[in-house]
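Protein chains in written order, with UniProt numbering: chain A, 1 to 87; chain B, 1 to 87.
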C-alpha cells in the first residue's frame, strides 16, 4: 500500500513526529512523508504518533492508496531530498 | 479526478500561491490543498502556479488519483478548516 502523510504539528513536537515518520516512510517535502508500507506497520506507526500529538493543535492526514498504479505524482519546482536531513 | 497538492514555498510567495490554489481546490491543512478537479482546470492552475515559483527554492507536489474511491483519507488530531482563512 502507498501512503502520503502530511502533518501540521506544533514546533515543540515536530522533531519527534518527523523522527517517528522517518522510521517508516520517506521524507519528501517539508510537511510530507510518503512510501510503501503494510497496513500492520502503518497501524503501529500511527499508534505511536497518536501518543505524541496534542489533538486540539496538531493534525496528521493519512492518504492511503491500495495500488500505487492508481496515484501519479508530478512536481513543480525543486525535488528536495529531505530524507538526508538530520532530525 | 481527485488531487492532493502539497507545497513548500518561500514566505514572499506563499500567499500568492495559496490564493491561486484556493481558486481551484480546498485548503485542508497548512501545506495541503485537495479536491476534485478536471485535467484541463488542473493544467491551467499549474501553469499559473509555475509562473509564480522560484524553481530552485520552491516545490509543489501534485498527487493525482483518477478515481476518488482509490484513495482513503484518515485524520489524526484536529480537522482544521483552513479554507475559511483569509489569504
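Think of the CB as a built atom: it goes at the ideal place given N, C-alpha and C, for glycine as much as any other residue. Everything numeric in this text was worked out from a predicted model, so none of it was measured.
- List the residues of chain A that residue 39/B touches, going by C-beta distances under 7 Å, in chain order. In the second chain, counting from the first residue as 1, residue 39/B sits at position 39. Simply none; closest approach about 11 Å.
- residue 21/A and residue 49/A: beta carbons closer than 9 Å? Numbered from its first residue, the first chain carries residue 21/A at position 21. Numbered from its first residue, the first chain carries residue 49/A at position 49. In this structure, the beta-carbon distance from residue 21/A to residue 49/A falls below 9 Å.
- Task: Could you check if residue 10/B is buried or exposed, using at least 16 other CB atoms within 10 Å of its CB as the buried criterion?
- Result: The count along the second chain starts at 1 and reaches residue 10/B at position 10. With a threshold of 16 other beta carbon atoms within 10 Å, residue 10/B falls short and is exposed.
- Message: Comparing C-alpha positions only, which one of 56/A, 60/A, 67/A, 3/A sits nearest to residue 17/A?
- Response: To locate residue 17/A, count along the first chain from 1; it is residue 17. Looking at the Cα atoms, 60/A is the closest of the given residues.
- the region 7 to 32 of chain B: positions lying closer than 9 Å to chain A by Cβ: Along the region 7 to 32 of chain B, going in chain order, the ones with a CB nearer than 9 Å to a CB of chain A are 7, 8, 9, 28, 29, 30, 31, 32.
- Which residue's Cα is closest to the Cα of residue 15/B: 30/B, 2/B, 34/B, 70/B? By 1-based counting over the second chain, the position of residue 15/B is 15. Comparing Cα-Cα distances from residue 15/B to each of 30/B, 2/B, 34/B, 70/B, the minimum goes to 30/B.
- Task: Report the neighbours of residue 50/B on chain A: residues whose CB is nearer than 7 Å to its CB, in chain order.
- Result: Taking the second chain and counting its residues from 1, one reaches residue 50/B at position 50. Proximity of chain A to residue 50/B at the Cβ level (cut-off 7 Å) is accounted for by 76, in chain order.
- Query: Are the beta-carbon atoms of residue 41/A and residue 62/B separated by less than 9 Å?
  - Reply: Against the first chain, residue 41/A aligns to sequence position 41. Against the second chain, residue 62/B aligns to sequence position 62. Going by C-beta atoms, residue 41/A is not nearer than 9 Å to residue 62/B.
- Query: By how many angstroms is the C-alpha of residue 2/B removed from the C-alpha of residue 33/B?
  - Reply: For this step, residue 33/B is matched to residue 33 along the second chain. For this step, residue 2/B is matched to residue 2 along the second chain. Between the C-alpha atoms of residue 33/B and residue 2/B there is a straight-line separation of about 11 Å.
- Proximal residues of chain A, C-beta to C-beta of residue 59/B below 8 Å: Translated into the one-based positions of the second chain, residue 59/B becomes position 59. Ordered by position in chain A, the residues that pass the 8 Å Cβ test against residue 59/B are 29, 75, 76, 77, 78, 79, 80.
- Message: Quick check: the Cα distance between residue 67/A and residue 38/A, rounded to an integer number of angstroms?
- Response: On the first chain, residue 67/A is found 67 positions in, with the first residue counted as 1. On the first chain, residue 38/A is found 38 positions in, with the first residue counted as 1. For residue 67/A and residue 38/A, the distance between alpha carbons rounds to 12 Å.
- Task: Determine the burial state of residue 79/B: buried for a count of at least 16 other Cβ atoms within 10 Å of its Cβ, exposed for fewer.
- Result: As a first step, residue 79/B is located in the second chain; it is residue number 79 there, counting from the start. Label assigned to residue 79/B: exposed.
- Along the chain, where does the alpha helix (DSSP H) that runs through residue 55/B open and close? On the second chain, residue 55/B is found 55 positions in, with the first residue counted as 1. Per DSSP, residue 55/B belongs to no alpha helix (DSSP H) and is neither H nor E.
- Item | Closest Cα partner of residue 43/B within the set 83/B, 64/B, 82/B | For this step, residue 43/B is matched to residue 43 along the second chain. Residue 43/B has its Cα closest to that of 64/B, out of 83/B, 64/B, 82/B.
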